[in-house]
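Data block below; observations after.
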Amino acid sequence: SSAAPASIHLLDEDTFNENFRNDDWPSRTYLCYKVEGPIQGSGVPLGQDKGILRNKPSCHAECYLLEQIQSWNLDPKLHYGVTCFLSWSPCAKCAQKMARFLQENSHVSLKLFASRLYTRQQYDENYKEGLRTLKRAGASIAIMTYREFELCWKTFVLHDQEGSCFQPWPFLHEESQKFSEKLQAILQNFGNNLNHSRVRVEAHR
């Protein structure tokens with residue numbers, strides 16, 4: 001596996017807008033994460049309870065996140081919630097890896113908010129099944145709305161001026177609604193698999 005790079009702590013405003021605007025198609029993926037765990041003895045190293053990761057040619061941002069969480073050796077008797085804001089939803093392979101991680105680490109939960117769906121328009125069956133598998137493994141998957149964009153802005157952006165407010169771009173709501181409807185259509189088969197006693201996670205290739 002690739003060694004995870006040191007996470008960035010804040011994005012500048014331009015980088016946030018260039019990568020999280022849901023009406024654009026950047027070639028990079030940014031993942032902003034925040035960990036909530038027990039107040040006492042959480043096990044999360046100081047300063048690593050929130051951060052920003054981005055993809056490299058050799059490894060996607062989601063894989064870096066999983067490697068980072070595993071490196072913490074969290075107490076399996078406690079519970080940790082990880083909330084992620086992603087500029088792109090996970091690809092098929094990353095979704096399968098995240099599902100497998102949740103199956104093997106029941107003390108960790110994942111809540112994912114994506115600005116847009118991975119790839120522009122072509123959602124092949126592997127991609128759809130990856131998201132369904134991730135959902136069945138217990139992850140919460142949703143599209144970012146104004147509320148999540150604003151929260152991400154307040155938490156992960158270094159503002160040019162103190163007190164700088166999030167300024168929504170034109171058609172933010174419409175784009176968010178469009179992606180949300182597409183995501184729900186992809187996940188619509190989720191209910192048909194609730195009676196499975198075990199979640200089938202594809203073997204890593």
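Position 77 of the sequence shown, counting from 1, maps to 77 under full-length UniProt numbering, and the rest follow consecutively. Every residue gets a Cβ at the ideal spot worked out from N, C-alpha and C, and that includes glycine.
| Asked | Found |
| --- | --- |
| Identity of the residue in W88, R147 and E67 nearest M98 by Cα | E67 |
| Nearest to L134 (by Cα), restricted to the options L112, P38 and K34 | L112 |
| Whole-angstrom C-beta distance between G130 and Q96, which should lie under 8 Å | 5 Å |
| Pairwise C-alpha distance: F171 and K93 | 31 Å |
| Residues that V44 bridges to, as DSSP identifies them | According to DSSP, which records beta bridges pairwise, V44 is partnered with nothing at all. |
| Boundaries of the alpha helix (DSSP H) in which E18 is found, first to last residue | E13 to F20 |
| Cβ neighbour criterion (16 or more within 10 Å) applied to Y146 | exposed |
| Coarse secondary structure for residue 209, derived from DSSP in three states | No information on residue 209 is available, as it lies outside the stretch 1 to 205 that the chain covers here. |
| Neighbourhood of C63 by C-beta distance below 7 Å, restricted to the same chain and skipping five residues each side | C94 and K97 |
| Integer-rounded CB distance, given that S176 should sit under 8 Å from N22 | 6 Å |
| Complete alpha helix (DSSP H) runs within the region 113-177 (minimum length 4 residues, chain order) | 125-136 and 146-156 |
| Limits of the alpha helix (DSSP H) - the one that R28 falls within | R28 -> no alpha helix (DSSP H), and no H or E assigned at all. |
| I52 - partner residues in DSSP beta bridges | I8 and C32 |
| Nearest to T15 (by Cα), restricted to the options Y127, V108, F149 and V157 | V157 |
| Buried or exposed (CB count within 10 angstroms, at least 16 for buried), H60 | buried |
| Own chain residues within Cβ distance below 8 Å of V44, not counting five before or after | V35, G37, W72, L74 and Y80 |
| Rounded straight-line distance, which links the Cα of N105 to that of residue 261 | Nothing about residue 261 can be reported from this structure: the residues present for the chain run from 1 to 205 only. |
| Cut-off 6 Å between Cβ atoms - residues of its own chain near T137, not counting five sequence neighbours on either side | Thr is not the amino acid found at residue 137; the sequence shown has Ala there. Here the set comprises A99, L102, Q103 and V199. |
| Boundaries of the alpha helix (DSSP H) in which C94 is found, first to last residue | A92 to E104 |
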